[in-house]
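Here's the structure, in structure tokens; my notes come after.
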Amino acid sequence: MRTAFLQRFPPVGTFILAAVLNARIYLQSARTLKKSQVLMIPAEKVRDALGTDPAFTRAVVTELAAAIAVR
Numbered sequence: 033m034r035t036a037f038l039q040r041f042p043p044v045g046t047f048i049l050a051a052v053l054n055a056r057i058y059l060q061s062a063r064t065l066k067k068s069q070v071l072m073i074p075a076e077k078v079r080d081a082l083g084t085d086p087a088f089t090r091a092v093v094t095e096l097a098a099a100i101a102v103r
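Residue numbers (the working numbering): 33 to 103.
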């Protein structure tokens with residue numbers, strides 16, 4: 033049985049952030065509704081920044097909290 037889940041992200045949103053933080057493989061695909069630019073950052077760089085940049089860490093926590101509040 034296959035399961036599908038559809039989620040709409042706001043502009044300037046993150047995609048699979050929790051999987052990156054937990055070093056998990058998270059197979060997911062995306063399509064944009066409009067012409068878009070997507071910035072792909074290697075997961076290792078994200079995890080490194082969490083340990084060295086307090087402002088980045090606060091931004092990540094805020095983003096995750098917003099994602100939980102929407103559910």
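Every residue, glycine too, gets a C-beta built ideally from N, C-alpha and C.
Is it true that the CB of residue j sits closer than 8 Å to the CB of residue i?
i          : j          : result
residue 55 : residue 81 : no
residue 53 : residue 90 : no
Grab me the residues of residue i's own chain with a C-beta within less than 7 Å of its C-beta, minus the 5 sequence neighbours each way, in chain order.
i          : result
residue 60 : 48
residue 95 : 46, 49
Could you tell me the distance, in whole angstroms, from the CA atom of residue i to the CA atom of residue j?
i          : j          : result
residue 46 : residue 68 : 14 Å
residue 73 : residue 36 : 25 Å
residue 70 : residue 62 : 11 Å
Can you look up residue i in the DSSP assignment and give me helix, strand or coil?
i          : result
residue 47 : coil
residue 84 : helix
residue 65 : coil
residue 99 : helix
Report buried or exposed for residue i, applying the criterion of at least 16 other Cβ atoms within 10 angstroms of its Cβ.
i          : result
residue 92 : buried
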